[in-house]
Amino acid sequence: MTTPLDHPTILRSNLGRMRQLGAGHHIVEHWKAERLTAIGTAPLSIWFIVQMLRLGDADHKDVVQWAGKPVNTVLLLSLMILTFHHMQMGLQVITSDYSRGKNKTILDLIIKGGTFFLGLLSVISILKIALAPAKK
Amino acid sequence: MSDIRETFYVGHTSDGSLKKRPMSPHLQVYKPIPSMSLSILNRITGAALSFGSAIMVAWLASAAKGPKSFKKVQKVTGSFPGQLVLFGFSASFFLHFIRGIRHLVWDSTAKRLEKEEINQDSKIDMISISALTLGLWTIIIGKKLGKKKK
Chain A
6 MTTPLDHPTI LRSNLGRMRQ LGAGHHIVEH WKAERLTAIG TAPLSIWFIV
56 QMLRLGDADH KDVVQWAGKP VNTVLLLSLM ILTFHHMQMG LQVITSDYSR
106 GKNKTILDLI IKGGTFFLGL LSVISILKIA LAPAKK
Chain B
29 MSDIRETFYV GHTSDGSLKK RPMSPHLQVY KPIPSMSLSI LNRITGAALS
79 FGSAIMVAWL ASAAKGPKSF KKVQKVTGSF PGQLVLFGFS ASFFLHFIRG
129 IRHLVWDSTA KRLEKEEINQ DSKIDMISIS ALTLGLWTII IGKKLGKKKK
């Protein structure tokens, strides 16, 4: 019996062969980023829920004061950025399962555009509240 | 033919004529079990949370715009339909949160993946999701009732 190792036909590692294969061409990175953003958003969203409970139906002044504290600003920014990154990847997994070809490309562009717009809007809003809050 | 997989869907009826066979899997023929339902719900809640986070952005953007628009958004979220949406948002969040952690545990330990274990853990997850959601809303309603008394 010959072992396959005696006559290697291709001198490439398994990792090298795997790279660039598959529909997304960067599946491992996508998979990893999905998990890493999940690890980030999990504690941040629990923090956000607790903060919302504490704020209750607070008026504008209290909310601006709360969001203006540097730690809160940074945590809010991290939460929104990670959430929208995670959302974009998660929705893309759904389109990969249920659509193909041109439809998938169009849907993915809509998802990318939508999450980018909402994410940017939230980042700008948080920065505005923290740095130049509206008074009236 | 738009899908090359359709080449494999050719079958015959009992009288010998050609027939297009259905695409597998047919979700409706399986008896729903906890792990399967939660897996489907994890995806549905993920999509639902996308719309929920749009509410968060509206809240933030209105706060950035000024007290007037902030009050408007607060009126919508404070109304009964608004509170119902927020209830759904929180329930979806807790499901996605608990099942997300379950996925992270599966991915990092490769344990608890036997059929019985998966169904056992799914039941535990269902209980913790309900407990977290109901717990959160008990606090919210309790706070509201406490304020009304004052």
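Taken in sequence, the protein lines are chains A and B. Residues in the first sequence are numbered from 6 upward in steps of one, following my numbering. Residues in the second sequence are numbered from 29 upward in steps of one, following my numbering. For every residue, glycine included, the Cβ atom is placed at its ideal position computed from N, Cα and C. In this text, all values refer to a predicted model and were calculated from it rather than measured experimentally.
Rounded to whole angstroms, what is the Cα-Cα separation between residue i and residue j?
| i | j | result |
| --- | --- | --- |
| S107(B) | A89(B) | 19 Å |
| P70(B) | K66(A) | Residue identity check: residue 70(B) is Asn in the sequence provided, not Pro. Rounded to whole angstroms, N70(B) to K66(A) spans 37 Å at the Cα level. |
| V85(B) | L123(A) | 7 Å |
| F117(B) | S42(B) | 50 Å |
| G119(A) | S156(B) | 32 Å |
| L41(A) | V133(B) | 13 Å |
| L121(B) | T73(B) | A small correction: the amino acid at residue 121(B) is Phe; Leu does not occupy that position in the sequence shown. Whole-angstrom Cα-Cα distance: 7 Å. |
So, helix, strand or coil for residue i, using DSSP?
| i | result |
| --- | --- |
| H131(B) | helix |
| H91(A) | helix |
| G44(B) | coil |
| G61(A) | coil |
| G204(B) | Outside the shown range of chain B (29 to 178) lies residue 204(B), about which nothing can therefore be said. |
| A119(B) | helix |
| M6(A) | Bear in mind that the predicted position of M6(A) carries a pLDDT of just 48, short of 50, making it too unreliable to give a figure here. |
| L69(B) | helix |
| T54(B) | The sequence given here places His at residue 54(B); Thr does not occur at that position. DSSP places H54(B) in coil when its eight states are reduced to three. |
With a threshold of 8 Å between beta carbons, is residue i in contact with chain A?
| i | result |
| --- | --- |
| R33(B) | no |
| K171(B) | yes |
| F98(B) | yes |
| G94(B) | yes |
| I167(B) | yes |
| Q102(B) | yes |
| R71(B) | yes |
Does the CB of residue i have a neighbour CB from chain B at under 8 Å?
| i | result |
| --- | --- |
| T88(A) | yes |
| I99(A) | yes |
| H65(A) | yes |
| M94(A) | no |
| A139(A) | yes |
Beta carbon of residue i: closer than 7 Å to some heavy atom of the ligand FAD?
| i | result |
| --- | --- |
| Q56(B) | This structure simply doesn't include the ligand FAD, nor any ligand for that matter. |
What is the C-beta distance between residue i and residue j, in whole angstroms, given that I count them as a contact (C-beta under 8 Å)?
| i | j | result |
| --- | --- | --- |
| R140(B) | D153(B) | The pair is not a contact, with the Cβ atoms about 11 Å apart (cut-off 8 Å). |
| S78(B) | L96(A) | 6 Å |
State the beta-bridge partners of residue i as determined by DSSP.
| i | result |
| --- | --- |
| V38(B) | K48(B) |
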